[in-house]
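This report refers to the structure that appears directly beneath it.
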Amino acid sequence: MNPKPQKKDGLKLASIGLEEVCLEYSGKEVLKNVNFSVEDKELCALVGPSGCGKSLVLRIIAGLVKPTSGNVYIDGQLANNVPPGERDIAMVFQSFALYPYMTVRENWAFPLRASKLPQEQVDARIKAMAEFLKMDPLLDRLPRQLSGGQQQRAALGRALVRRPRLFLMDEPLGSQDAKKRIEIGTGLKKLQMDLGITTVLVTNDQIEAQRLGDKVAVMDLSTLQQVGSPEEVYEKPVNLFVARFIGSPAINLFDCTLNREDEQLYLSHSHFQVPLPPDLAASVEARVQGDVVVLGVRSEHIRVTLDEQPDSTPAQIYVFEPQSNEILIDLKVGDLVVRVREDREDLGFQPQLDQKAFLTFDKEFMHVFDKATELRIN
Amino acid sequence: MGTVELERLTLYYGKVLAVDDLSLRIEDKELCVLLGPTGCGKTSTLRMIAGLETPYAGKVFLDGKVINSLYPGDRDVAMVFQDYALYPHMTVSRQFAFPLKAKKISAQEIGQRVKEIADFLQVSDLLDRYPSELSAGQQQRVAMGRALIRKPKVFLMDEPLGQLDARMRVQMRASLKRMQRELGITTIYVTHDQVEAQSLGDKIVIMKLGVIQQVGTPEEIYNKPANLLVAGFIGMPSMNFLDCSLHREDGKLRLQNDHFGFILTPSLAQKVNNIPLQRALILGIRPEHIRLSPQDEPDAVSAEVYVVESHGNEYVVSLNLSDNVIKVRRDRKKLGFKPQVGQTVWAKFLQDRIHLFDKETEVCLV
Numbered sequence: 620m621n622p623k624p625q626k627k628d629g630l631k632l633a634s635i636g637l638e639e640v641c642l643e644y645s646g647k648e649v650l651k652n653v654n655f656s657v658e659d660k661e662l663c664a665l666v667g668p669s670g671c672g673k674s675l676v677l678r679i680i681a682g683l684v685k686p687t688s689g690n691v692y693i694d695g696q697l698a699n700n701v702p703p704g705e706r707d708i709a710m711v712f713q714s715f716a717l718y719p720y721m722t723v724r725e726n727w728a729f730p731l732r733a734s735k736l737p738q739e740q741v742d743a744r745i746k747a748m749a750e751f752l753k754m755d756p757l758l759d760r761l762p763r764q765l766s767g768g769q770q771q772r773a774a775l776g777r778a779l780v781r782r783p784r785l786f787l788m789d790e791p792l793g794s795q796d797a798k799k800r801i802e803i804g805t806g807l808k809k810l811q812m813d814l815g816i817t818t819v820l821v822t823n824d825q826i827e828a829q830r831l832g833d834k835v836a837v838m839d840l841s842t843l844q845q846v847g848s849p850e851e852v853y854e855k856p857v858n859l860f861v862a863r864f865i866g867s868p869a870i871n872l873f874d875c876t877l878n879r880e881d882e883q884l885y886l887s888h889s890h891f892q893v894p895l896p897p898d899l900a901a902s903v904e905a906r907v908q909g910d911v912v913v914l915g916v917r918s919e920h921i922r923v924t925l926d927e928q929p930d931s932t933p934a935q936i937y938v939f940e941p942q943s944n945e946i947l948i949d950l951k952v953g954d955l956v957v958r959v960r961e962d963r964e965d966l967g968f969q970p971q972l973d974q975k976a977f978l979t980f981d982k983e984f985m986h987v988f989d990k991a992t993e994l995r996i997n
Numbered sequence: 407m408g409t410v411e412l413e414r415l416t417l418y419y420g421k422v423l424a425v426d427d428l429s430l431r432i433e434d435k436e437l438c439v440l441l442g443p444t445g446c447g448k449t450s451t452l453r454m455i456a457g458l459e460t461p462y463a464g465k466v467f468l469d470g471k472v473i474n475s476l477y478p479g480d481r482d483v484a485m486v487f488q489d490y491a492l493y494p495h496m497t498v499s500r501q502f503a504f505p506l507k508a509k510k511i512s513a514q515e516i517g518q519r520v521k522e523i524a525d526f527l528q529v530s531d532l533l534d535r536y537p538s539e540l541s542a543g544q545q546q547r548v549a550m551g552r553a554l555i556r557k558p559k560v561f562l563m564d565e566p567l568g569q570l571d572a573r574m575r576v577q578m579r580a581s582l583k584r585m586q587r588e589l590g591i592t593t594i595y596v597t598h599d600q601v602e603a604q605s606l607g608d609k610i611v612i613m614k615l616g617v618i619q620q621v622g623t624p625e626e627i628y629n630k631p632a633n634l635l636v637a638g639f640i641g642m643p644s645m646n647f648l649d650c651s652l653h654r655e656d657g658k659l660r661l662q663n664d665h666f667g668f669i670l671t672p673s674l675a676q677k678v679n680n681i682p683l684q685r686a687l688i689l690g691i692r693p694e695h696i697r698l699s700p701q702d703e704p705d706a707v708s709a710e711v712y713v714v715e716s717h718g719n720e721y722v723v724s725l726n727l728s729d730n731v732i733k734v735r736r737d738r739k740k741l742g743f744k745p746q747v748g749q750t751v752w753a754k755f756l757q758d759r760i761h762l763f764d765k766e767t768e769v770c771l772v
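As they're listed, the protein sequences go chains G and P. At position 117 of the first sequence (counting the first as 1) the number is 736 in the numbering used here, and the numbers step up by one without a gap. At position 75 of the second sequence (counting the first as 1) the number is 481 in the numbering used here, and the numbers step up by one without a gap.
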């Protein structure tokens with residue numbers, strides 16, 4: 620796995636390249652035309668709901684599963700027939716897979732001894748890893764003497780201590796409580812950056828994917844939906860699935876029809892009408908294929924006021940939840956519930972249950988999707 | 407009515423003091439959250455209100471009457487536990503009916519109330535199912551229904567959303583809050599999750615080692631924490647803390663330590679009037695109250711970018727300020743630039759949001 624890539628092909632210059640990878644089990648397509656690459660030193664977060672195929676993609680990269688068709692490149696070389704043991708990959712599974720009869724220290728030392736590292740370096744690395752994972756007092760315990768969360772950290776340590784070429788992780792932080800998840804996640808990212816190990820992290824937590832990934836690959840129903848930076852998948856989701864999946868609170872979606880009135884294009888909903896600003900109107904008109912669209916507006920792009928505003932919609936406060944410097948407000952527009960997030964100070968009033976208010980959408984941040992194809996139009 | 411008053415409650419588990427001379431008043435219809443880390447005494451307090459624990463000292467009042475000597479079943483309080491504790495051999499409708507049967511209510515009235523509760527909690531089409539045939543969210547609603555059907559004066563909840571996954575928890579929080587408002591039943595809710603506490607509570611009671619640290623609305627707890635514990639507990643990412651002290655230089659007041667210093671604005675200078683110079687202080691500033699610039703700015707502190715994390719529309723930037731790591735949280739567009747790892751940036755603390763704590767006592771001075 621050593622030679623430098625020869626061809627000037629994007630996929631082949633990358634650390635990991637998947638080209639038209641398909642996987643079939645008993646006639647059922649479980650992966651469809653997966654194309655993506657992970658650059659050298661990059662942390663790619665592979666995210667999607669349960670059953671979307673992300674773990675399978677990881678296993679194909681690891682060499683544990685062979686694709687039915689398509690190519691896997693590692694460091695520019697075709698790797699389809701390279702056994703897992705020769706790919707210089709370390710993998711951390713959900714189920715930890717620690718050697719049950721070895722202490723944590725021995726679990727960590729084992730792969731290092733196999734690579735014939737001198738004892739003092741083995742000790743140094745184990746010490747550093749124990750510090751990083753806050754496992755100093757646990758080094759001499761057996762896996763069964765550890766909690767689920769501790770076992771997971773032990774598994775992470777065992778993989779990282781080898782300083783592999785590629786690092787694959789399948790939901791490595793699942794067993795941790797929220798606070799630890801964030802702490803260890805950030806520490807993991809920092810370690811990955813410092814060590815420069817190309818990493819693919821599988822998670823079903825889209826918040827985690829955005830936080831840790833240099834690149835986020837979103838999957839659903841055996842297909843790759845979008846690959847991009849965390850900023851891209853959040854600000855420009857390519858379809859309804861990505862728009863719904865990424866972002867918390869979830870994006871507000873409204874079925875609308877397109878209406879033209881006096882040179883102005885409107886999005887008409889049963890409870891409101893929104894005029895489209897010229898550039899948005901232009902891109903919508905150019906690409907829409909019917910006249911039913913889905914309008915997407917994120918919770919932070921809606922203003923709540925007590926007084927009517929231009930183009931505002933009447934609504935009623937259903938419930939509100941303070942959150943640090945913000946307030947999350949659910950408002951009812953007819954039988955629709957709209958979720959809005961406002962900075963407490965920008966809001967300017969103390970919300971009351973059932974209070975009447977007005978909603979205004981920030982037109983600069985509206986997302987428009989074609990209802991039939993579910994693809995982004997603007 | 408459902409006012410609850412706790413007067414000097416004390417509880418020991420063997421030699422361990424779990425609740426220490428605790429006094430608290432919960433108003434009628436209030437949703438009061440008891441918040442704190444494991445072992446702070448919140449569940450013990452709840453259990454004393456329920457009658458599941460007998461206080462070593464102190465009294466529990468319900469609507470002005472002492473209820474210490476009443477059995478749990480006679481207190482007119484209902485409790486929902488974290489693991490729901492549903493009767494495994496009963497269908498949902500029987501779960502609901504069971505608490506009423508003991509009260510000798512007519513079968514017709516029982517049927518009526520079961521229907522009402524089922525409609526309210528949206529479990530009407532699950533009435534013939536057994537707990538094993540329900541999802542976690544559904545089980546949780548059934549547990550609540552079973553408690554609610556008795557129309558108790560007080561509703562006690564011990565981490566009821568603990569078993570649900572993150573997504574479900576977020577959804578259930580809003581409906582729980584709405585439901586409590588609609589029912590108007592005084593509710594005391596225990597959690598270790600500060601996000602949940604802020605979402606739900608009309609009033610939050612933060613506890614540590616059996617002692618109340620602060621009582622306030624979510625806004626008060628966030629804006630005016632009483633001490634270091636409360637300040638660091640509420641908010642995510644949590645408040646940044648830096649050791650420093652007050653100095654006077656050229657007639658101007660400064661806050662500084664070995665690695666940074668800045669001049670106080672007049673309004674902050676006024677607030678620190680009573681603080682002796684050189685006294686060891688801890689400066690607290692929330693991640694959302696720090697402004698970053700790629701260029702040097704007056705009274706800004708230079709720091710190195712350690713990690714940049716994307717969070718929806720925000721960046722959370724971790725900075726190395728000598729030996730401290732501080733976190734900054736800002737909307738991407740408002741920030742205006744993408745910090746790079748290793749880059750030197752300048753951080754300015756919003757002075758009207760600075761908190762100062764006495765290092766020794768940990769009390770909030772400003």
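For every residue, glycine included, the Cβ atom is placed at its ideal position computed from N, Cα and C.
With distances taken from CA atoms, which of the options is nearest residue i?
{"i": "Met550 (chain P)", "options": "P:Val520, P:Ala572, P:Asp571 and P:Ser538", "result": "P:Val520"}
{"i": "Ala716 (chain G)", "options": "G:Arg732, G:Val666, G:Gly767 and G:Glu750", "result": "G:Gly767"}
{"i": "Val957 (chain G)", "options": "G:Asp930, G:Leu872, G:Val913 and G:Ser887", "result": "G:Leu872"}
{"i": "Gln967 (chain G)", "options": "G:Ser841, G:His890 and G:Leu925", "result": "The displayed chain sequence assigns Gly, not Gln, to residue 967 (chain G). When only C-alpha atoms are compared, the closest one is G:Leu925."}
{"i": "Arg552 (chain P)", "options": "P:Asp534, P:Asn646 and P:Ala524", "result": "P:Ala524"}
{"i": "Asp930 (chain G)", "options": "G:Pro737, G:Leu792 and G:His890", "result": "G:His890"}
{"i": "Ser645 (chain G)", "options": "G:Lys975, G:Arg906 and G:Thr687", "result": "G:Thr687"}
{"i": "Thr623 (chain P)", "options": "P:Val439, P:Phe526, P:Lys733 and P:Leu741", "result": "P:Val439"}
{"i": "Thr409 (chain P)", "options": "P:Leu458, P:Tyr418, P:Lys471 and P:Lys448", "result": "P:Lys471"}
{"i": "Phe639 (chain P)", "options": "P:Gln619, P:Asp656 and P:Leu648", "result": "P:Gln619"}
{"i": "Cys770 (chain P)", "options": "P:Leu698, P:Val678 and P:Ser429", "result": "P:Val678"}
{"i": "Asn726 (chain G)", "options": "G:Gly682, G:Arg760 and G:Asn700", "result": "G:Arg760"}
{"i": "Ile576 (chain G)", "options": "G:Val819, G:Leu775, G:Pro730 and G:Glu940", "result": "Past the edges of chain G, shown from 620 to 997, lies residue 576 (chain G), and the structure says nothing about it."}
{"i": "Ser604 (chain G)", "options": "G:Asp962, G:Tyr937, G:Gln829 and G:Asn690", "result": "Here chain G has residues from 620 to 997 only, and residue 604 (chain G) is not among them."}
{"i": "Glu717 (chain P)", "options": "G:Gly776, G:Ile865, G:Glu940 and G:Ile946", "result": "It is worth fixing the name first, because residue 717 (chain P) is His in this sequence and not Glu. Ranking the options by Cα distance to His717 (chain P), first place goes to G:Ile865."}
{"i": "Phe561 (chain P)", "options": "P:Met485, P:Leu492 and P:Thr671", "result": "P:Met485"}
{"i": "Val916 (chain G)", "options": "G:Val676, G:Asp874, G:Val649 and G:Ser841", "result": "G:Asp874"}
{"i": "Asp599 (chain P)", "options": "G:Gln942, G:Lys685 and G:Glu790", "result": "G:Gln942"}
{"i": "Ser644 (chain P)", "options": "G:Leu787, G:Ile801 and G:Ser902", "result": "G:Ile801"}
What does DSSP give as the partner residues of residue i in its beta bridges?
{"i": "His761 (chain P)", "result": "P:Gly690"}
{"i": "Val911 (chain G)", "result": "G:Thr876"}
{"i": "Met645 (chain P)", "result": "According to DSSP, which records beta bridges pairwise, Met645 (chain P) is partnered with nothing at all."}
{"i": "Tyr419 (chain P)", "result": "P:Val422"}
Could you name the residues of chain C that residue i contacts, counting a contact when the two beta carbons are closer than 9 Å?
{"i": "Glu766 (chain P)", "result": "The question asks about chain C, but that chain is absent: this structure's protein chains are G and P."}
Using 8 Å as the threshold, is the region 409-426 of chain P in touch with the region 447-460 of chain P, meaning 3 or more CB pairs across them?
yes
Uninterrupted alpha helix (DSSP H) stretches inside the region 914-970 of chain G (no shorter than 4 residues)
963-966
For the region 728-762 of chain G, list every residue whose C-beta sits within 7 Å of some C-beta in chain P, in sequence order.
none
Which runs of the beta strand (DSSP E), 3 residues or longer, sit entirely within the region 679-715 of chain G?
Taking only runs of at least 3 residues, the beta strand (DSSP E) segments lying wholly in the region 679-715 of chain G are 688-693 and 708-711.
Alpha helix (DSSP H) segments (min. 4 residues) lying fully within the region 563-631 of chain P
572-589, 600-606 and 624-629
Inter-stretch contact at 8 Å, needing at least 3 Cβ pairs: the region 828-838 of chain G / the region 655-665 of chain G
yes
May I ask you to verify whether the region 901-911 of chain G touches the region 981-997 of chain G, counting CB pairs closer than 8 Å and requiring at least 3?
yes
Relative to chain G, which residues along the region 714-732 of chain P have a C-beta separation below 8 Å, given in chain order?
Glu715, Ser716, His717, Gly718, Asn719, Val722 and Ser724
Chain P contacts from the region 937-954 of chain G (Cβ-Cβ distance under 7 Å)
Result list: Tyr937, Val938, Glu940, Pro941, Gln942, Ser943, Asn944 and Asp949.
Taking three-plus beta-carbon pairs below 8 Å as touching, is the region 492-503 of chain P in contact with the region 564-584 of chain P?
no
Could you pull out every unbroken beta strand (DSSP E) segment of at least 3 residues lying fully inside the region 483-516 of chain P, listed in chain order?
As far as the region 483-516 of chain P is concerned, its whole beta strand (DSSP E) runs of at least 3 residues are 483-486.
Would you list, in sequence order, the uninterrupted beta strand (DSSP E) runs of no fewer than 3 residues that lie entirely inside the region 657-721 of chain P?
658-662, 667-669, 687-691, 696-699 and 707-717
Would you call the region 704-719 of chain P in contact with the region 622-639 of chain P, where contact means no fewer than 3 C-beta pairs closer than 8 Å?
no
Determine contact between the region 429-439 of chain P and the region 596-609 of chain P, defined as no fewer than three beta-carbon pairs at a distance below 8 Å.
As far as the Cβ criterion goes, the region 429-439 of chain P touches the region 596-609 of chain P, which means the pair count is three or higher.
Any alpha helix (DSSP H) of 4 or more consecutive residues that is wholly inside the region 642-681 of chain G
673-681
Residues of the region 591-607 of chain P with Cβ closer than 7 Å to any Cβ of chain G, in chain order
Val601, Gln604 and Ser605
Stretch-stretch touch, CB-based, cutoff 8 Å, three pairs: the region 855-871 of chain G with the region 692-705 of chain G
Fewer than three Cβ pairs drawn from the region 855-871 of chain G and the region 692-705 of chain G lie within less than 8 Å of each other, which leaves the two stretches out of contact.
Please list, in chain order, the residues of the region 839-854 of chain G that have any C-beta partner in chain P closer than 9 Å.
For the region 839-854 of chain G, the set of positions with a beta-carbon nearer than 9 Å to some beta-carbon of chain P reads Ser848, Pro849, Glu850, Tyr853 and Glu854 in chain order.
Segments assigned alpha helix (DSSP H), at least 4 residues, entirely inside the region 437-464 of chain P:
448-456
Hey, is the region 772-782 of chain G in contact with the region 657-670 of chain G, meaning 3+ C-beta pairs nearer than 8 Å?
no
Spell out a yes or no on whether the region 877-896 of chain G and the region 968-976 of chain G are touching, meaning 3 or more CB-CB pairs, one atom from each, closer than 8 Å.
Because the criterion of three Cβ pairs below 8 Å is not met, the region 877-896 of chain G and the region 968-976 of chain G do not touch.
Name, going along the chain, the residues of the region 740-762 of chain P whose beta-carbon falls closer than 9 Å to a beta-carbon of chain G.
Lys744 and Val747
Residues in the region 858-892 of chain G having any Cβ partner in chain P nearer than 7 Å
Gly866 and Ser867
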